[in-house]
Amino acid sequence: MKPEIAIIGAGYVGVPLAQVFADAGRRVVLVDVVQDRVDQLNRGESYIEDVPSAVLGKLVEGGLISATSDYDILRETDSILIALPTPLSRQREPDLSIVLNAVREIAPRLRKGHLVVLESTTYPGTTREEILPILETSGLIVGADFSLAFSPERVDPGRTDWTTKNVPKVAGGITPACTERAAELYGSAIDTIHRVSSPEAAELTKLLENIFRSVNIALVNELAILCDRMDIDIWEVVGAAATKPFGFMSFSPGPGLGGHCIPIDPFYLTWKAREFGFYTEFIELAGKVNEEMPYFCRSLVSQALNHAKERSLKGSKLLVLGVAYKPGIGDMRESPALKLISLLNNAGAEVSYHDPHVPKFSDHGLEMTCVPYEPAAYDCVVIVTDHHEIDYDQLVDDAQLVVDLRNATGAKGTASEKVFKL
Ligand SMILES: NC(=O)c1ccc[n+]([C@@H]2O[C@H](COP(=O)([O-])OP(=O)(O)OC[C@H]3O[C@@H](n4cnc5c(N)ncnc54)[C@H](O)[C@@H]3O)[C@@H](O)[C@H]2O)c1
660 MKPEIAIIGA GYVGVPLAQV FADAGRRVVL VDVVQDRVDQ LNRGESYIED VPSAVLGKLV
720 EGGLISATSD YDILRETDSI LIALPTPLSR QREPDLSIVL NAVREIAPRL RKGHLVVLES
780 TTYPGTTREE ILPILETSGL IVGADFSLAF SPERVDPGRT DWTTKNVPKV AGGITPACTE
840 RAAELYGSAI DTIHRVSSPE AAELTKLLEN IFRSVNIALV NELAILCDRM DIDIWEVVGA
900 AATKPFGFMS FSPGPGLGGH CIPIDPFYLT WKAREFGFYT EFIELAGKVN EEMPYFCRSL
960 VSQALNHAKE RSLKGSKLLV LGVAYKPGIG DMRESPALKL ISLLNNAGAE VSYHDPHVPK
1020 FSDHGLEMTC VPYEPAAYDC VVIVTDHHEI DYDQLVDDAQ LVVDLRNATG AKGTASEKVF
1080 KL
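Heads up: the sequence shown begins at 660 in my numbering, then just goes up one per residue.
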């Protein structure tokens, strides 16, 4: 039976989205350029931690999910959802080339009745100014012949309470009828749909959410640096403020931003704002503070070694515990661990890492393999990502020295003389 929905980009966004539609009985085809990924998916093997192979396998067997690298499949589907990467260029400007190349593949295959939705995070105006003109090279007219909308993906990989299915889906179409088509499609599988008046409103909604996080993380990071000077425990302060039932939302300090979204997306808006002679100062300031954090964390490790062991970074054996950008997943994209490891290496330390989710990685000029978990064998263990698989109470007992950048060691760490916290 032919698939109803095509999802272009079988990654962190595309695969969970396919599962949600398939769970609702819709037939989905994932379109991806990487043949290995296509073959794995068709064998029912998942490489996305949020969608276990056992679940994917059943949906593939039942004919609800398939995968292909052939864009011609789009001719057979009713809807085309785009979930492709939107990175920054080396000059930190939006790089829409992956999305636009895919849209150039869609245009010749577009037919009457098609719904196209962009899910990738981007600046306001992308759907109307960049996607629409390419689709209209087909000779078809938006609103009359086909529908076009933007609906941001809000998935938080590794999270189980809020998933693609129960996080409300925001959708804004080029025309009201486009919005309705998108709402109808998502409404068949996702619990709540929130309609907005335009793709621009939907595009900016996603950016506001990510900028909100970036700015608030920067605020608490700045306070963490001040607290270090004032000898106040930032974790205690954040925990106490979080007892206020209204008007405060808790954010944690850390070694820096990570992931595909928060370090990158805000700069999509910064770039677009320049067209309007506007400077997004909060975004720039937050970026500056957050980018400084790996440097501050390096100095914490250096101080800890100095005070506790009368050692310098140079020649010390360090174990970085957790390198993924957040707990529970193996995603290394933009992980602050990469910067911190490079800085520690540059200072002459001998750095190894352990991460239950990352067997090896090659990024930022680093090529590393996970070592066995033997905390006692190192001069200092640096907790960068607080994966739940580690027993942190036991770590405090076993390690010679700990620098805890996530408050993973809790009260026991606070009470211990060999634990230095951010
Ligand atoms: N990962 C997240 O947590 C998250 C959350 C919300 C929004 N987003 C946004 O969603 C978008 C997609 O992100 P992701 O994390 O799923 O990316 P990803 O890198 O995990 O997946 C993208 C997939 O697209 C494939 N691909 C690349 N070029 C292609 C092409 N021309 N045709 C077909 N497939 C192609 C890649 O092989 C890969 O499988 C981005 O804009 C991102 O900002 C991501």
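For every residue, glycine included, the Cβ atom is placed at its ideal position computed from N, Cα and C.
Please read these numbers as outputs of a predicted model, since none were measured by experiment.
query                                                                                                                : result
DSSP-derived helix/strand/coil call for residue 667                                                                  : strand
Contact test: residue 812 Cβ vs ligand 1 heavy atom, cutoff 7 Å                                                      : yes
Sufficient close CB pairs (3 or more, under 8 Å) joining the region 828-837 to the region 781-801                    : yes
Enclosing alpha helix (DSSP H) for residue 717 [first to last residue]                                               : 712-720
3 or more residues per run - each beta strand (DSSP E) lying fully within the region 967-1009                        : 976-980
Closest residue to residue 926 among 684, 863, 1022 and 712 (Cα-Cα distance)                                         : 863
Identity of the residues DSSP links to residue 830 by a beta bridge                                                  : 854
Ligand 1 heavy atom lying under 7 Å from the CB of residue 671                                                       : yes
Three-way DSSP call (helix, strand, coil) for residue 748 in this model                                              : coil
Residues sharing a beta bridge with residue 1026, DSSP                                                               : 1021
Residue environment, residue 953, which counts as buried when at least 16 other CB atoms sit within 10 Å             : buried
Residue 724 and residue 677 closer than 8 Å at C-beta                                                                : yes
Residue 855 burial status per 10 Å Cβ neighbour count (16 or more: buried)                                           : buried
8 Å Cβ shell around residue 824 - same chain, five flanking residues per side excluded                               : 679, 682, 848, 849 and 850
Residue 883 versus residue 735: straight-line alpha-carbon distance, rounded                                         : 54 Å
Beta-carbon gap between residue 776 and residue 805 smaller than 8 Å                                                 : no
DSSP three-state assignment for residue 757, whether helix, strand or coil                                           : helix
Cβ shell of residue 1065 (< 6 Å), same chain only, five flanking positions each side left out                        : 1042 and 1045
C-beta contact flag for residue 1039 and residue 963 at 8 Å                                                          : yes
Element boundaries [beta strand (DSSP E), containing residue 1039]                                                   : 1039-1042
Segment limits, beta strand (DSSP E) that includes residue 739                                                       : 738-741
The region 768-775 contacting the region 909-927, beta-carbon criterion three pairs below 8 Å                        : no
Contact test: residue 825 Cβ vs ligand 1 heavy atom, cutoff 7 Å                                                      : no
Three-way DSSP call (helix, strand, coil) for residue 676 in this model                                              : helix
Simplified DSSP state of residue 725, which is helix, strand or coil                                                 : strand
Residue 1153 (DSSP reduced to helix, strand or coil)                                                                 : No statement about residue 1153 is possible, as the shown extent of the chain runs from 660 to 1081 and does not include it.
Any non-hydrogen atom of ligand 1 within 7 Å of residue 766 CB                                                       : no
Cβ neighbour criterion (16 or more within 10 Å) applied to residue 673                                               : buried
Straight-line gap, residue 900 to residue 707 (C-alpha atoms, nearest Å)                                             : 36 Å
The region 923-937 contacting the region 964-975, beta-carbon criterion three pairs below 8 Å                        : no
Residue 713 versus residue 766 - alpha carbon distance                                                               : 36 Å
Other residues of its chain near residue 669: CB distance less than 7 Å, five sequence neighbours each side excluded : 689, 691, 696, 700 and 726
Beta strand (DSSP E) runs contained entirely in the region 794-838, provided each spans 3 or more residues           : 806-809 and 828-832
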